[in-house]
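Below is one structure, written out as structure tokens, with a few remarks after it.
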Amino acid sequence: MNFKPALSMMLLAVSLLCGSGISTASESVTLVFIVNADNPVGAISEGDLREMFFKRKKSWPDGTAVRFIDRSSGSAIRQDFLKSILMKKSDEIEMYWIGQKLYSGDSAPLQQASDAMTIRFVESFKGAIGYVSSSTELSDRKVKAVKVER
Amino acid sequence: MSSDATTSAFRQTRSISRRFRWTILLIGVFFILEFVGLYLSSWSALRSLARLHEITTTADISRQAREVIYSINETLAASTTQSGSALESSRNVLIAASKRELDLIRQAREIVNVEEEIEVTLSEAESVVVQMEAAFTRFGLNPAETEQARLLGNQFALEALEHLRKTQIQLTARADVVFKAVNENRNRPIIAGAAIALVLLSIALWFGLNASRRLSSSLTSLVRATKEITAGNMAYRAEIVEPDEIGYLANAFNLMTESLENRTVSRDAFERRSQELAAANRELEAFSYSVSHDLRAPLRAIDGFSHALLEENGDRLDEQGRKDLTRVRMASQTMGKLIDDLLNLSRLSRAEMKKEDVDLTEIASAIAKSLKESDPTRDVEFAIQADLHAEADPALIRIALDNLIGNAWKYTSKHPRARIEVGRAKSDGKTVFFVRDDGAGFDPAFATRLFGAFQRLHSAKEFPGTGIGLATVARIIRRHGGTIWAEGQVEKGSTFSFTL
Numbered sequence: 066m067n068f069k070p071a072l073s074m075m076l077l078a079v080s081l082l083c084g085s086g087i088s089t090a091s092e093s094v095t096l097v098f099i100v101n102a103d104n105p106v107g108a109i110s111e112g113d114l115r116e117m118f119f120k121r122k123k124s125w126p127d128g129t130a131v132r133f134i135d136r137s138s139g140s141a142i143r144q145d146f147l148k149s150i151l152m153k154k155s156d157e158i159e160m161y162w163i164g165q166k167l168y169s170g171d172s173a174p175l176q177q178a179s180d181a182m183t184i185r186f187v188e189s190f191k192g193a194i195g196y197v198s199s200s201t202e203l204s205d206r207k208v209k210a211v212k213v214e215r
Numbered sequence: 038m039s040s041d042a043t044t045s046a047f048r049q050t051r052s053i054s055r056r057f058r059w060t061i062l063l064i065g066v067f068f069i070l071e072f073v074g075l076y077l078s079s080w081s082a083l084r085s086l087a088r089l090h091e092i093t094t095t096a097d098i099s100r101q102a103r104e105v106i107y108s109i110n111e112t113l114a115a116s117t118t119q120s121g122s123a124l125e126s127s128r129n130v131l132i133a134a135s136k137r138e139l140d141l142i143r144q145a146r147e148i149v150n151v152e153e154e155i156e157v158t159l160s161e162a163e164s165v166v167v168q169m170e171a172a173f174t175r176f177g178l179n180p181a182e183t184e185q186a187r188l189l190g191n192q193f194a195l196e197a198l199e200h201l202r203k204t205q206i207q208l209t210a211r212a213d214v215v216f217k218a219v220n221e222n223r224n225r226p227i228i229a230g231a232a233i234a235l236v237l238l239s240i241a242l243w244f245g246l247n248a249s250r251r252l253s254s255s256l257t258s259l260v261r262a263t264k265e266i267t268a269g270n271m272a273y274r275a276e277i278v279e280p281d282e283i284g285y286l287a288n289a290f291n292l293m294t295e296s297l298e299n300r301t302v303s304r305d306a307f308e309r310r311s312q313e314l315a316a317a318n319r320e321l322e323a324f325s326y327s328v329s330h331d332l333r334a335p336l337r338a339i340d341g342f343s344h345a346l347l348e349e350n351g352d353r354l355d356e357q358g359r360k361d362l363t364r365v366r367m368a369s370q371t372m373g374k375l376i377d378d379l380l381n382l383s384r385l386s387r388a389e390m391k392k393e394d395v396d397l398t399e400i401a402s403a404i405a406k407s408l409k410e411s412d413p414t415r416d417v418e419f420a421i422q423a424d425l426h427a428e429a430d431p432a433l434i435r436i437a438l439d440n441l442i443g444n445a446w447k448y449t450s451k452h453p454r455a456r457i458e459v460g461r462a463k464s465d466g467k468t469v470f471f472v473r474d475d476g477a478g479f480d481p482a483f484a485t486r487l488f489g490a491f492q493r494l495h496s497a498k499e500f501p502g503t504g505i506g507l508a509t510v511a512r513i514i515r516r517h518g519g520t521i522w523a524e525g526q527v528e529k530g531s532t533f534s535f536t537l
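Line by line, the protein sequences give chains Z and S.
Residue numbers for the first sequence follow this note's numbering, beginning at 66 and rising by one.
Residue numbers for the second sequence follow this note's numbering, beginning at 38 and rising by one.
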């Protein structure tokens, strides 16, 4: 049983999808990326975000494991995330993770419905990263917003 | 080379039995070599099969561990609407499931510890499950702690599942590699076994042919010697090709031939001597016959002229002269009878013997009848056993019985009543014929002298006769290959027994 060629093709397809047309993403962002307050990182590139979401980048520079927390599939904020950062449609993402389950064993990140739960998740793990609405109050929480660089 | 020296020499040399022992040892070594070769060539395949078994076992444990994670996820999902004791129950389930998960992962790590990549993945899974178990200890304490535990539990379950899926994928890939190795090497044991067997068989064949050639050469030499000696070439000796058992046999054969040669010479000399003796005996018998025959003529002349003198001039002789002349006649007649008996005895030895089934009862009865007719005044009872048969010359056996029964008749003549018995008995498994009477008998001390010529135990006045009769009987019995003996007591009769 040789799954490597199939895996390579799947990864190639995803990278092509991911690499195409990052046009006006930064203008339409209404979300903010947050990390644990203990995480020394202050800024993150869109590319790293995509890599972390797709679990191709699994650790932070200090070695802490990356734990990406996604949002509920039908939520507006997720649509925004898909459109601005991943530049993919929801079904494309679903298909990707089906492939990953079969060929690399990776699963799609957990999803949280609310900003509050997302914040609680990020507070719980030093290497966690998630996104919340830009209007969400982050003061007095053990999280911090990171700047997204193109 | 003397026999002892030869034996010693052969003991110190190679031998077939030693060769056989070496051959058996060689076969044993070949067998071990073949076994070792097969084991070594199969070892890789066997090790791969063992590895395959480890992989499939680990894959099954990994499947079980994933099932436990699914259960944890279901319990976590159900717990969102639970409270109170149900929540407490879920907490217990989650902790127990975590422990079970930990056990399964550790079990898998133990089995598959030589596969480094898989071991690393499983150790990561173990680390995650340890954290998950710790998270579940806070489950159900209060809503905030429960929420936190659920949040962490979900993430850890997800990560554990990912590690287990990766493990499964790695196991599958590894199984593929191992199976390919087994498949590629599947013919190696057969090829190696056949190659080793071919080499070893070639060596064994070479040894076998060599041994066979040597053995054949030695045996051919011995067979050739046997044929030569059978053909009469007693001087021929077997060639000793190899100093082994066959060589030893050939040497013994040569010694035997030598001895046989010497004995054959001795036997020839013995046969020559026997022939000379037989010739001398024949000449002696012929001389005896001639002398006896030639003696008869002057005896007849003496008797005839004495008779004529008595008839024609008896009246001119006084009483004493006539008595003396009568004695001369009687003496010459006795001597004539003696010569007749001697001639008969001589004829017995020379006559050709023809054995056939003889009815002894019939012969004995005829003799008895004749004797009774010769003197009807005597009161003699004959008891002749019926159906007495023997393999014998009819003429000779008749003479023998005539003498024996005649003797019985003669030596019972002093008794007013007598009984003569002719019969058969068994002694030491042999058939013994006998002639028994209740007459004068004899002194047992002289029993052995009875069968000599001219041997008499009674005087001629008492019982007439020449002393040749029993000697004749003994000679007839001996010519038949039998034996004769006599038993008796004075005045208590006698028994003459014989075998044929």
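We put the beta carbon where it would ideally sit given N, CA and C, even for glycine.
Please read these numbers as outputs of a predicted model, since none were measured by experiment.
Mind pulling the chain S residues with CB within less than 9 Å of residue i?
i: Lys122 of chain Z; result: None at all; the shortest Cβ gap to chain S is about 15 Å.
i: Asp171 of chain Z; result: Glu199, Arg202 and Lys203
Return yes when at least one heavy atom of the ligand ATP lies under 6 Å from the C-beta of residue i, else no.
i: Leu246 of chain S; result: Absence of the ligand ATP from the depicted structure is noted, as is the absence of any ligand whatsoever, leaving it without description.
What is the rounded straight-line gap between the Cα of residue i and the Cα of residue j?
i: Val211 of chain Z; j: Thr95 of chain S; result: 43 Å
i: Glu157 of chain Z; j: Gly164 of chain Z; result: 11 Å
i: Ile247 of chain S; j: Ser52 of chain S; result: In the sequence as presented, Ile is not what sits at residue 247 of chain S; that position holds Asn. Cα to Cα, the separation comes out at about 14 Å.
i: Leu141 of chain S; j: Ile240 of chain S; result: 56 Å
i: Ala234 of chain S; j: Leu242 of chain S; result: 12 Å
i: Leu225 of chain Z; j: Phe190 of chain Z; result: Look at the range of chain Z in this structure, 66 to 215, and you will see that residue 225 of chain Z is not part of it.
i: Met117 of chain Z; j: Leu124 of chain S; result: 34 Å
i: Glu199 of chain S; j: Gln168 of chain S; result: 15 Å
i: Ile521 of chain S; j: Tyr285 of chain S; result: 52 Å
i: Glu524 of chain S; j: Arg473 of chain S; result: 9 Å
i: Leu26 of chain S; j: Leu77 of chain S; result: The requested residue 26 of chain S is not part of the displayed model; chain S covers only 38 to 537.
i: Val79 of chain Z; j: Tyr161 of chain Z; result: Unreliable positioning characterises Val79 of chain Z in this predicted model, as indicated by a pLDDT of 42, which lies under 50. A coordinate reading is not provided.
i: Ser255 of chain S; j: Ile283 of chain S; result: 6 Å
i: Ser296 of chain S; j: Leu252 of chain S; result: 26 Å
i: Ala232 of chain S; j: Pro226 of chain S; result: 10 Å
i: Leu336 of chain S; j: Thr301 of chain S; result: 52 Å
i: Arg515 of chain S; j: Phe488 of chain S; result: 12 Å
i: Gly65 of chain S; j: Ala272 of chain S; result: 46 Å
Applying a beta-carbon distance threshold of less than 8 Å, which residues of chain Z neighbour residue i?
i: Asn191 of chain S; result: Leu175
i: Ile206 of chain S; result: Phe68, Tyr168, Ser169 and Gly170
Give the interface partners of residue i over in chain Z, defined as CB-CB distance under 9 Å, in chain order.
i: Leu141 of chain S; result: Under the 9 Å cutoff, chain Z gives no residues; its nearest Cβ is about 17 Å from Leu141 of chain S.
Across which residues does DSSP place residue i in a beta bridge pair?
i: His426 of chain S; result: S:Asp396
i: Leu96 of chain Z; result: Z:Ser198
i: Ser464 of chain S; result: S:Lys467
i: Gln492 of chain S; result: Partner(s): none; Gln492 of chain S has no beta bridge.
i: Ala420 of chain S; result: S:Glu458
i: Gln176 of chain Z; result: Z:Asp135
i: Asp474 of chain S; result: S:Ile457 and S:Ser531
i: Val278 of chain S; result: Answer is none; Val278 of chain S lacks a bridge partner.
i: Gly192 of chain Z; result: None; Gly192 of chain Z has no bridge partner.
i: Lys212 of chain Z; result: Z:Ala108
i: Gly525 of chain S; result: S:Ser531
Strictly below 7 Å CB to CB, what residues from chain Z border residue i?
i: Leu195 of chain S; result: Ser172 and Leu175
Q: Quick one: which residues of the region 50-77 of chain S get their C-beta closer than 7 Å to a C-beta of chain Z? List them in chain order.
A: So nothing in the stretch comes that close.
Q: Output the residue ranges of the beta strand (DSSP E) runs that lie fully inside the region 297-373 of chain S and measure 3 residues or longer, sorted by chain position.
A: Entirely contained in the region 297-373 of chain S, not one beta strand (DSSP E) run reaches 3 residues.
Q: Closer than 8 Å, Cβ to Cβ, to anything on chain Z: give me those residues from the region 163-188 of chain S, in chain order.
A: Residues passing the 8 Å Cβ filter: Glu184, Gln185 and Leu188.
Q) In chain order, which continuous runs of the alpha helix (DSSP H) of length 4 or greater are located wholly inside the region 102-135 of chain Z? A) Unbroken alpha helix (DSSP H) stretches of 4 residues or longer found wholly inside the region 102-135 of chain Z: 111-118, given in chain order.
(Q) To test your reading of the DSSP string, which unbroken beta strand (DSSP E) runs of 3 or more residues are found completely within the region 177-243 of chain S? (A) The beta strand (DSSP E) runs of length 3 or more contained entirely in the region 177-243 of chain S do not exist; there are none.
Q: Return the residues of the region 78-109 of chain S that lie within a Cβ-Cβ distance of less than 7 Å from chain Z, sorted by chain order.
A: In summary, no residue of the region 78-109 of chain S has a CB separated from any CB of chain Z by less than 7 Å.
**Q.** Members of the region 109-135 of chain Z that neighbour chain S once the beta carbon cut-off is set at 7 Å
**A.** Within the region 109-135 of chain Z, Arg132 place their CB atoms closer than 7 Å to a CB of chain S, listed in sequence order.
Q: Quick one: which residues of the region 177-211 of chain Z get their C-beta closer than 8 Å to a C-beta of chain S? List them in chain order.
A: Only Met182, Arg185, Phe186, Ser189 and Phe190 from the region 177-211 of chain Z bring a Cβ to less than 8 Å from some Cβ of chain S.
Q) Unbroken alpha helix (DSSP H) runs of length 4 or more, entirely within the region 99-175 of chain S: which are they? A) You should have 121-148 and 153-173.
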